[in-house]
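> Before I ask anything, here is the structure I am working with.
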Amino acid sequence: MAAVTTTPRQKFSWGATNVVVIALALIPVLWMVSLSFKTPTAILDPSFIPAQWTWGNYTGILKTATFVRPLINSIGIGLIATFISVVLASMAAYAVARLRFPGKAALIGMALLIAMFPIIALVTPLFSIERAIGLFNTWPGLIIPYVAFGLPLGIYTLSAFFREIPWELEKAAKVDGATPFQAFIKVIAPLAAPGMVTTAILVFLACWNEFLLAISLTSTIAARTAPASLAYLSGSSQFTVPTGPIAAAAVVITIPIIIFVLFFQRRIVAGLTSGAVKG
Amino acid sequence: MTASTHVAAGTEAAQETTGRHKRPQLSEGAKAERRLGWLLCAPAVIVMIAVTAYPVGYAIWLSLERYNLELPNAVKFIGFANYGAVLSSPYWWQALWVTVLITVISVAVTLVLGMLLAMVMHRTLFGRGTVRTAALIPYGIVTVAAAYGWYYAWTPGQGYLSAAFNYAAPLTAQYKAIAVIILAEIWKTTPFMGLLLLAGLSLVPEDLQKAAKVDGATGWQRFMKITVPLMKPAILVALLFRTLDSFRIFDNIFILTQGNNGTESVSILAWDNLFNALNLGIGAAISILIFICVVIIAAIFIKGFGTAAPGTNLERR
Numbered sequence: 124m125a126a127v128t129t130t131p132r133q134k135f136s137w138g139a140t141n142v143v144v145i146a147l148a149l150i151p152v153l154w155m156v157s158l159s160f161k162t163p164t165a166i167l168d169p170s171f172i173p174a175q176w177t178w179g180n181y182t183g184i185l186k187t188a189t190f191v192r193p194l195i196n197s198i199g200i201g202l203i204a205t206f207i208s209v210v211l212a213s214m215a216a217y218a219v220a221r222l223r224f225p226g227k228a229a230l231i232g233m234a235l236l237i238a239m240f241p242i243i244a245l246v247t248p249l250f251s252i253e254r255a256i257g258l259f260n261t262w263p264g265l266i267i268p269y270v271a272f273g274l275p276l277g278i279y280t281l282s283a284f285f286r287e288i289p290w291e292l293e294k295a296a297k298v299d300g301a302t303p304f305q306a307f308i309k310v311i312a313p314l315a316a317p318g319m320v321t322t323a324i325l326v327f328l329a330c331w332n333e334f335l336l337a338i339s340l341t342s343t344i345a346a347r348t349a350p351a352s353l354a355y356l357s358g359s360s361q362f363t364v365p366t367g368p369i370a371a372a373a374v375v376i377t378i379p380i381i382i383f384v385l386f387f388q389r390r391i392v393a394g395l396t397s398g399a400v401k402g
Numbered sequence: 309m310t311a312s313t314h315v316a317a318g319t320e321a322a323q324e325t326t327g328r329h330k331r332p333q334l335s336e337g338a339k340a341e342r343r344l345g346w347l348l349c350a351p352a353v354i355v356m357i358a359v360t361a362y363p364v365g366y367a368i369w370l371s372l373e374r375y376n377l378e379l380p381n382a383v384k385f386i387g388f389a390n391y392g393a394v395l396s397s398p399y400w401w402q403a404l405w406v407t408v409l410i411t412v413i414s415v416a417v418t419l420v421l422g423m424l425l426a427m428v429m430h431r432t433l434f435g436r437g438t439v440r441t442a443a444l445i446p447y448g449i450v451t452v453a454a455a456y457g458w459y460y461a462w463t464p465g466q467g468y469l470s471a472a473f474n475y476a477a478p479l480t481a482q483y484k485a486i487a488v489i490i491l492a493e494i495w496k497t498t499p500f501m502g503l504l505l506l507a508g509l510s511l512v513p514e515d516l517q518k519a520a521k522v523d524g525a526t527g528w529q530r531f532m533k534i535t536v537p538l539m540k541p542a543i544l545v546a547l548l549f550r551t552l553d554s555f556r557i558f559d560n561i562f563i564l565t566q567g568n569n570g571t572e573s574v575s576i577l578a579w580d581n582l583f584n585a586l587n588l589g590i591g592a593a594i595s596i597l598i599f600i601c602v603v604i605i606a607a608i609f610i611k612g613f614g615t616a617a618p619g620t621n622l623e624r625r
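Those protein sequences? They're chains A and B, same order as listed.
Under the numbering used here, think of the first position of the first sequence as 124, with each following residue one higher.
Under the numbering used here, think of the first position of the second sequence as 309, with each following residue one higher.
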């Protein structure tokens, strides 16, 4: 396995392996892209390259509130839930990483439990409770559970990052007369910013991806998110299959992910592995 | 707890308590630290309890009631009758079997492929960043979006995969549909497994590998005798995460088959009872049973295999 010297043959075989991995990862995505550019007649041709190209699927979905409104909901709900999760998780993770207090183990256990929680077990009660208190089919009705599920991820990732921060700086701040709270805001928070960005990306991706709660706790486009809206898209007429519009919508909701992955590849990898492996 | 002692407020009083298990009188500094700790955790704890602990309690209560939204006046406490109805129903056992089948196969295949992917990402001579970026796309992609891609790919007359397999229509037959669901799961989750294993792989010392190579160990021997034992903790954590995640499979099935043709998972069954049959009592009972299954799986991993639950070593550090 370990290559001490590199022969052209090794170069070639690794190159071929890389190509296989990249192809396996990308072909299903390219298939979606291909579908999204096919005209309604070309859809019925299973070839990978569209026989006739059209932007019609994109212009179609971006003109209807059935998709645009959920897209706005997804962005809004995702950003707000991410912001709240990261703020609350930073506070808790700081305490976990840096302070001594009884109940820390309980907090970690609780976060772990929630991270592993079968969301379906919450759908029934949340559906019932949210209908009773008027949160059903509203932004807060999704934001609150998303924050709760973002928190364990945030607490793990951030406490791993917080442990790497040079502690002496905070001590120095305290010697200079800062309160623990000031030391947190002025010294640790800026140092923790990269970890917070990473956590924010992971939490946002999780909110962006969420489907089960999104279809269960919404009933109209008032709060329905983009993944949940896909099933409601229709063809250009009642009698055309909605394949093209759905594929276009799927591509649109994939674009932010591709952008995140391209720009933050290192951060995402670091964040994913820090929480799980380092503890 | 001991590891975090050095982080106590830098007063003499706090240092006095360092490394001791006895609890001397808490100094003002330590008390303030305690209060701050609780204060900082409080908002997170409140949100988590409000969204999970309370609803779970409520779900337990619901599961003991006859509660059908179509018959709102017939709500009645009926004890464990809902559980009896679920556990004596072939639908539950069918769904549990499908879920276990999907979980076991997809997790096993993902482990093997994830290990291969981790090795490629670890060892490849060039283009490491490109491979990782490409691998992250299945991880990040919205499951539902990818599921539609698979759905159309396997639709006869539209899809390239169906065309490649002699215009097959696998989504209409039980085990073929389950195979497609498993395929979609594997594609989506292998990168995550690969990244978790990559982190474990980077902890395996290179010198040990070289020494074994000098001693004449083959690649497979080195893998089985050095890499796997050293990576065992990372592998178990990754397996635990993936197993629990796979057990709650919903999105892929919901799009690919809607649970038709005997492809319902337990999560789909619960959802069906809630939103199609509008039966909150039965839906809640299924939810609680799923929760119990998850607890059993976690217990097997943590007690049986000695998986270090993530976070437990926070305390040891």
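For glycine and all other residues, C-beta sits at the position ideal for the given N, C-alpha and C.
Thinking C-alpha only, which one of A/A215, A/K227, A/A351 is nearest A/F284?
Against the first sequence, residue 284 of chain A aligns to sequence position 161. Considering only alpha carbons, the answer is A/A215.
> So, for B/T411: in the same chain, excluding its five sequence neighbours on each side, which residues have a beta-carbon less than 8 Å away from its beta-carbon?
Counting from 1 along the second sequence, the entry for residue 411 of chain B is found at position 103. If we look at B/T411 and ignore the five residues flanking it on each side, its Cβ neighbours are T551, S554, F555, I557.
> Please report whether the beta-carbon of A/M319 lies at a distance below 8 Å from any beta-carbon of chain B.
Reading the first sequence from its first residue, position 196 is the one you call residue 319 of chain A. No, no contact with chain B.
> Looking at chain A, is there any beta carbon in it that lies within less than 8 Å of the beta carbon of B/F583?
By one-based count along the second sequence, residue 583 of chain B stands at place 275. At least one chain A Cβ lies under 8 Å of B/F583.
> For the alpha helix (DSSP H) that B/Q402 lies in, which residues bound it at each end?
The residue you call residue 402 of chain B lines up with position 94 of the second sequence. Residues 398–431.
> Would you say B/F628 faces chain A, with C-beta separation under 8 Å as the test?
For chain B, the structure presents residues 309 to 625; residue 628 of chain B sits outside this window and is missing.
> Counting only Cβ pairs nearer than 9 Å, list the residues of chain B close to A/K134.
Indexing the first sequence from 1 puts residue 134 of chain A at position 11. Within chain B, the residues near A/K134 are L433, F434.
> Please compile the residues from chain B whose C-beta is within a distance smaller than 7 Å of the C-beta of A/T129.
Sequence index remark: in the first sequence, residue 129 of chain A carries index 6 (1-based). Those within 7 Å of A/T129 in chain B are L433.
> Quick check on the burial criterion: 16 or more other C-beta atoms within 10 angstroms. Buried or exposed for B/T269?
Examination of residue 269 of chain B is not possible in this model, given that chain B is present from 309 through 625 alone.
> Using the three-state DSSP reduction, which class does A/W176 fall into: helix, strand or coil?
Here the question's residue 176 of chain A lines up with position 53 in the first sequence. A/W176: strand per DSSP, three-state reduction.
> Output, in chain order, the set of chain B residues within a Cβ distance shorter than 7 Å of A/Y181.
On the first sequence, position 58 is the one that residue 181 of chain A refers to. Ordered by position in chain B, no residue passes the 7 Å Cβ test against A/Y181, which lies about 15 Å from the chain.
> One question on the structure: do A/P350 and B/V452 come within less than 8 Å of each other, judged by their Cβ atoms?
Reading the first sequence from its first residue, position 227 is the one you call residue 350 of chain A. Reading the second sequence from its first residue, position 144 is the one you call residue 452 of chain B. Their beta carbons are under 8 Å apart, which means A/P350 touches B/V452 by this criterion.
> Would you mind giving the Cβ-Cβ distance between A/A346 and A/G264, rounded to the nearest angstrom? I have them listed as a contact below 8 Å.
Stepping through the first sequence from its first residue, residue 346 of chain A is reached at position 223. Stepping through the first sequence from its first residue, residue 264 of chain A is reached at position 141. Between A/G264 and A/A346 the Cβ distance is about 6 Å, and since that is below 8 Å, they are a contact.
> My assumption, with CB atoms under 8 Å, is that B/I653 sits in contact with B/T418. Please give the rounded CB distance.
A question about residue 653 of chain B goes unanswered here, because the residues of chain B that appear run from 309 up to 625.
> Give the DSSP bridge partners of B/E373, in chain order.
Looking up residue 373 of chain B in the second sequence gives position 65. DSSP, once it has assigned bridges, lists B/F385 as partnering B/E373.
> Report yes if the C-beta distance between A/P268 and B/V359 is below 8 Å; otherwise report no.
Counting from one through the first sequence, the residue named residue 268 of chain A turns up at place 145. Counting from one through the second sequence, the residue named residue 359 of chain B turns up at place 51. In this structure, B/V359 lies closer than 8 Å to A/P268 by Cβ.
> Check this for me: beta carbons of B/M423 and B/V439, under 8 Å apart or not?
Along the second sequence, read from residue 1 onward, the residue named residue 423 of chain B stands at position 115. Along the second sequence, read from residue 1 onward, the residue named residue 439 of chain B stands at position 131. For B/M423 and B/V439, no; Cβs fall outside 8 Å.
> For chain B, find out if any of its Cβ atoms is closer than 8 Å to the Cβ of A/L276; answer yes or no.
Residue 276 of chain A sits at position 153 when you count from the first residue of the first sequence. So, not an interface residue.
> Run through the DSSP bridge pairs and tell me what A/K161 is partnered with.
Looking up residue 161 of chain A in the first sequence gives position 38. Answer is A/W176, bridged to A/K161.
> List the endpoints of the continuous alpha helix (DSSP H) containing A/K309.
Residue 309 of chain A sits at position 186 when you count from the first residue of the first sequence. Where A/K309 is concerned, there is no enclosing alpha helix (DSSP H), given that its DSSP letter is neither H nor E.
> Taking 6 Å as the limit between beta carbons, can you name the residues of its chain near B/T548, skipping five residues before and five after?
Stepping through the second sequence from its first residue, residue 548 of chain B is reached at position 240. Checking the sequence shown, residue 548 of chain B turns out to be Leu, not Thr. Excluding sequence neighbours, B/L548 sits near F609, T615.
> Please confirm whether A/V152 and B/I563 have their CB atoms less than 8 Å apart.
Locating residue 152 of chain A in the first sequence gives position 29, where the first residue counts as 1. Locating residue 563 of chain B in the second sequence gives position 255, where the first residue counts as 1. Against a cut-off of 8 Å, the Cβ pair of B/I563 and A/V152 comes out as no contact.
> Is it buried or exposed for B/N278, if we count other Cβ within 10 angstroms and need 16 for buried?
Residue 278 of chain B is absent from the model: chain B starts at 309 and stops at 625.
> Tell me whether the beta-carbon of A/V374 lies closer than 8 Å to the beta-carbon of A/S159.
As a working note, residue 374 of chain A is residue 251 in the first sequence. As a working note, residue 159 of chain A is residue 36 in the first sequence. Yes. Within cutoff.
> Which bits of chain B does A/V270 rub up against, with CB to CB less than 8 Å?
Position 147 of the first sequence, counting from 1, holds the residue named residue 270 of chain A. Within 8 Å Cβ-Cβ: V355, V359.
> How many Å lie between B/Y459 and B/Y468 at the Cα?
What you label residue 459 of chain B is simply residue 151 of the second sequence in a count that begins at 1. What you label residue 468 of chain B is simply residue 160 of the second sequence in a count that begins at 1. About 11 Å.
> Tell me whether B/N587 sits in a helix, a strand or coil according to DSSP, three-state version.
Mapped onto the second sequence, residue 587 of chain B falls at position 279. Three-state DSSP puts B/N587 in a strand.
> Does the beta carbon of B/S414 sit closer than 8 Å to a beta carbon anywhere in chain A?
Walking along the second sequence from the start, residue 414 of chain B turns up at place 106. With 8 Å as the cut-off, B/S414 does not count as an interface residue toward chain A.
> Less than 8 Å separating the beta-carbons of B/A626 and A/P173?
In the structure displayed, chain B extends from 309 to 625; residue 626 of chain B sits before or after that span and is not available.
> Could you check the C-alpha separation between A/L340 and A/L249 for me, to the nearest Å?
Start at 1 with the first residue of the first sequence, and residue 340 of chain A comes out as number 217. Start at 1 with the first residue of the first sequence, and residue 249 of chain A comes out as number 126. Straight-line Cα distance between these residues: approximately 8 Å.
> Measuring only the C-alpha atoms, how far is A/F224 from B/P351?
As a first step, residue 224 of chain A is located in the first sequence; it is residue number 101 there, counting from the start. As a first step, residue 351 of chain B is located in the second sequence; it is residue number 43 there, counting from the start. Cα-Cα distance, rounded: 16 Å.
> Against chain B, which members of the region 222–235 of chain A pass a CB distance test of less than 8 Å?
Listed by position along the chain: L222, R223, F224, P225, G226, K227, A228, L230, I231, G232, M233, A234, L235.
> Could you tell me whether the Cβ of B/T418 comes closer than 8 Å to any Cβ of chain A?
For this step, residue 418 of chain B is matched to residue 110 along the second sequence. By this cut-off, B/T418 is not an interface position.
> Let me confirm a value: A/R221 is counted as buried when at least 16 other C-beta atoms fall within 10 Å, else exposed. Which label applies?
Along the first sequence, read from residue 1 onward, the residue named residue 221 of chain A stands at position 98. With 16 or more Cβ atoms within 10 Å of its Cβ, A/R221 is classed as buried.
> Pull out every residue of the region 491–503 of chain B whose Cβ sits closer than 8 Å to any Cβ of chain A, in chain order.
Listed by position, the residues of the region 491–503 of chain B near chain A (Cβ gap below 8 Å) are W495, P499, F500, L503.
> Quick one: measure Cβ to Cβ for A/Q388 and B/T441, integer angstroms, because I've assumed they're closer than 8 Å.
Position 265 of the first sequence, counted from the start, is the residue given in the question as residue 388 of chain A. Position 133 of the second sequence, counted from the start, is the residue given in the question as residue 441 of chain B. The Cβ separation is near 5 Å, so the contact holds.
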